[in-house]
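These notes are about the structure you will find just below.
Protein chains: 2
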Amino acid sequence: METLEVTYRISADSAAPEALVESVLLEQTIETPRSVAERYPFVEEHMMGSVRELRPEESGDVIATLSLPFSNAAADPAQFLNVLFGNSSLHPHVTLLDFHPPSTVTRLLPGPSFGMEGIRQTTGVTGRPLTCSALKPVGLSVQELSDICRTLAESGIDLIKDDHYLADQSFSPFRERVRICQEVVDDVSSATGRRVVYVPNLSGGPDDIRRQAAYVQEQGVRAVMIAPMLVGLPTLHATCRDDLDVPVLAHPSFGGISAIRPSVLFGKLFRLYGADAVIFANYGGRFSYDAALCAEIAQQLRSAWLGIKPSFPIPAGGMDADRVSELVQFFGLDSILLIGGSLLEAGDDLDSKARRFVETVHSSATTLQNAF
Amino acid sequence: METLEVTYRISADSAAPEALVESVLLEQTIETPRSVAERYPFVEEHMMGSVRELRPEESGDVIATLSLPFSNAAADPAQFLNVLFGNSSLHPHVTLLDFHPPSTVTRLLPGPSFGMEGIRQTTGVTGRPLTCSALKPVGLSVQELSDICRTLAESGIDLIKDDHYLADQSFSPFRERVRICQEVVDDVSSATGRRVVYVPNLSGGPDDIRRQAAYVQEQGVRAVMIAPMLVGLPTLHATCRDDLDVPVLAHPSFGGISAIRPSVLFGKLFRLYGADAVIFANYGGRFSYDAALCAEIAQQLRSAWLGIKPSFPIPAGGMDADRVSELVQFFGLDSILLIGGSLLEAGDDLDSKARRFVETVHSSATTLQNAF
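Residue numbers (the numbering used here), protein chains in the order written: chain A, 1 to 372; chain B, 1001 to 1372.
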């Protein structure tokens, strides 16, 4: 029988960690007392799951690896999450540490449609990290945003994304913004021979996102951004499968589901549900992830896994142009470096600051390549 | 200017709680250094938000109430969550404690279509808590599930819901299960004159849910269940608005986003996005919520708020029939009591145990009414 292996941390605060493991096993499978399942041979044989490993840690926490029936998880993209960490997410003593689905999961969740290689083809950039910046702050008019877009595009930035607060607001209507910003990057691409990519933010209910996806692709847009936790991971999956012929950058907003290890949420689940590149809170910026966790997220996104395409890591969040060399060293050539607010802080010097960001990425990459 | 007021707890663990308040304010508004916004008069005037109150607690935590621009949040149902708690959810030191939108939020999010009164009309039950049980465990055939459904329906249970693990699995196909279970409750309703309601679980991507919603309503189903955190809150909203003419029971699965106070997630957000009744982990059961928190969730669901309809609280999760009198006392007449696994444990005595559950709810309600 195919199983979904899931590893949870059961905290030592729990009154009886080992009893909690049994209760988590029942919670994530039959959700009844064990005696109920024993009345039904099919359930007892195929649905009960089992405890594969129990490993006590020095802290008193218990690391429990369970085998859960994949036939249950495989029903649909919402049900997969349900079996992985549905009710158990409500237990304060339980954290999702890792999971290993059978390779047949890709029939349900085929992972990124484009992945790192697809984004490299879209941009024409090889052998170095890509550069990315953002159109912000929210409240600017389409004219103001498109002026920033032009400056960033001319400076040599590869990907210019909407801020995640840009939606369809009256002061910057979605369609007008997309049309004009795409014209700007098309202009600059024609003039320079580079392929500058504008990445609009899709937001709303599933029908809104479908309409927006159709519109942006009509306009020639070659990548989009979606925040999977805002719209729901099943909506990300459906949008990638049904509505998009371009790569998706995933934004981490509303992803503070602290009962899931961030490398599992951003590194594995976002990728499995179709994100071609994943933005996450970098170490040393506005958020509290440490370097080891960021390395782990990047590693998960790029690792060989289930035969699905690797996704680009996009460390971001209060990053400064001064840290570029360090970050190229740390994340390596297969990464996208996103610097937003810190470039915009330059005001009238945006152009020169953006150019310095681009040049530092290029030269750091060359240094790194030569080091091999 | 209309504002969304949001209250966060900034934990004392944070190096500099008051500096973190400023950073949360920027995070949830312009997401750039303040100097960037000051270059644009419209942004400075309308988008910056402000700190309305800072209240240090004895623990060293700081309770911060911010006013955020509603014009930004109002763009769509995903953007509302984004402004409420998007990036800040990623801060380990920040918890969402409460929020107060302007009354115009109901243009975007009108709340439950049916609410408590609609569910009472659907079932024909007045003046007492409703009774609810579940078809489970997953792995049973349609025949086995419909046998349980018949026993529960004949015992006098008002609402019989699918377990949240029932999706469209091969051993219990969705359409067949819905058709046959609905026939069962229709039979029993005709025979008894009561209106027994079968509540199938809708699961999957947005198109799956739309197709399922259409199918179940064709079959005469009069309420459905959806897990908003699995499918995404914007999908719940869109489904209620566009695809359903029957009430929705919301299931808490995948709702362990511990950075949001559960009374806010289950009591306010689920209701605002359209849930007519909300299942939550009861005190004294399998989960760790305490009685005060459960009372707060129930209070939030039923309170006068924004002119939107009140929703039924459904305490659940390892509840035992022995606790029914206590729970009727605790949650009052406007509640739905859900007992699942503990009834099924009775095996061949399911019928008598379910009848005892029903009778205890009815008699406890009479006692409570007479006490007034």
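We put the beta carbon where it would ideally sit given N, CA and C, even for glycine.
- A straight line joining the alpha-carbon of Val328(A) with that of Thr367(A) spans about 10 Å.
- When secondary structure is reduced to three states using DSSP, Asn201(A) falls in the strand class.
- Using a Cβ-Cβ distance cut-off of 8 Å, the stretch 1124 to 1131 of chain B and the stretch 1328 to 1342 of chain B are in contact, since at least three pairs of beta carbons, one from each stretch, lie closer than that value.
- Listed along chain A is no residue with a C-beta nearer than 8 Å to that of Gly1124(B); the closest approach is about 29 Å.
- The C-beta of Phe1042(B) comes closer than 7 Å to at least one C-beta of chain A.
- Given a length threshold of 3 residues, each whole run of the beta strand (DSSP E) inside the stretch 174 to 260 of chain A is given here in chain order: 197 to 199, 224 to 226 and 248 to 250.
- In terms of Cβ geometry, Met1048(B) and Thr1065(B) do not form a close pair [threshold 7 Å].
- Residue state for Ile308(A) is assigned as strand, using DSSP reduced to three classes.
- Ranked by Cα distance from Arg1323(B), the options Leu1343(B), Ala1304(B) and Ser1311(B) are led by Leu1343(B).
- Ser1311(B) sits close to Ala1277(B), with the two beta carbons spaced by under 7 Å.
- Taking the Cα positions, Asn1087(B) is about 16 Å away from Leu249(A).
- Excluding the 5 residues flanking it on each side, Ile157(A) has same chain C-beta neighbours closer than 8 Å at Thr131, Cys132, Ser133, Val196, Ala354, Phe357 and Val358, in chain order.
- Proximity of Asn1087(B) to chain A, defined by a Cβ-Cβ separation below 7 Å, is satisfied.
- Burial check for Glu27(A): the Cβ neighbour count within 10 Å reaches 16 or more, so the residue is buried.
- Fewer than three Cβ pairs drawn from the stretch 185 to 195 of chain A and the stretch 1004 to 1014 of chain B lie within less than 8 Å of each other, which leaves the two stretches out of contact.
- The distance from the Cβ of Cys1181(B) to that of Leu1145(B) is about 7 Å, consistent with a contact at the 8 Å cut-off.
- Under the three-state reduction of DSSP output, Thr1360(B) falls in the helix class.
- Not flagged as an interface residue toward chain A: Ser1363(B), since no C-beta distance is shorter than 7 Å.
- At a Cβ-Cβ threshold of 7 Å, Arg1286(B) and Gly1318(B) count as neighbours.
- In the DSSP secondary-structure assignment, Phe1280(B) is bridged to Pro1315(B).
- Assignment of Lys1268(B) by DSSP, reduced to helix, strand and coil, places it in the helix class.
- Here Ile209(A) is not near His251(A), since their CB atoms are 7 Å or more apart.
- For a Cβ distance threshold of 7 Å, residue set Leu230 and Phe254 of chain A lies close to Leu1081(B), ordered along the chain.
- Minimum Cα-Cα distance from Leu1097(B) among the listed residues Gly1267(B), Asp1187(B), Ala1078(B) and Pro1206(B) corresponds to Gly1267(B).
- Lys309(A) has its alpha-carbon roughly 35 Å from the corresponding atom of Ala1214(B).
- Taking all protein chains shown into account, Phe1042(B) has fewer than 16 neighbouring C-beta atoms within 10 Å of its C-beta and is therefore exposed.
- DSSP, reduced to helix, strand and coil, places Thr1126(B) outside both helices and strands of the structure shown, so it counts as coil.
- By the Cβ test, the stretch 1114 to 1123 of chain B is not in contact with the stretch 1050 to 1066 of chain B, since fewer than three Cβ pairs between them sit closer than 8 Å.
- Assigned with DSSP and collapsed to three states, Ala1078(B) falls in helix.
- In the DSSP annotation of this structure, the continuous segment of the beta strand (DSSP E) that includes Leu4(A) starts and ends at Thr3 to Ile10.
- For Glu2(A), no CB of chain B lies under 7 Å from its own CB, so it is not counted at the interface with that chain.
- Under DSSP, Pro69(A) forms a beta bridge with Thr3(A).
- At a cut-off of 7 Å between beta carbons, Val36(A) contacts chain B.
- Note on geometry: alpha-carbon atoms of Val1024(B) and Leu1054(B) lie some 13 Å from one another.
- In this structure, Asp1076(B) sits near Ser203(A), with a CB-CB distance shorter than 7 Å.
- Here Arg241(A) has no same chain residue with a Cβ atom under 6 Å from its own Cβ, once five neighbours each way along the sequence are excluded.
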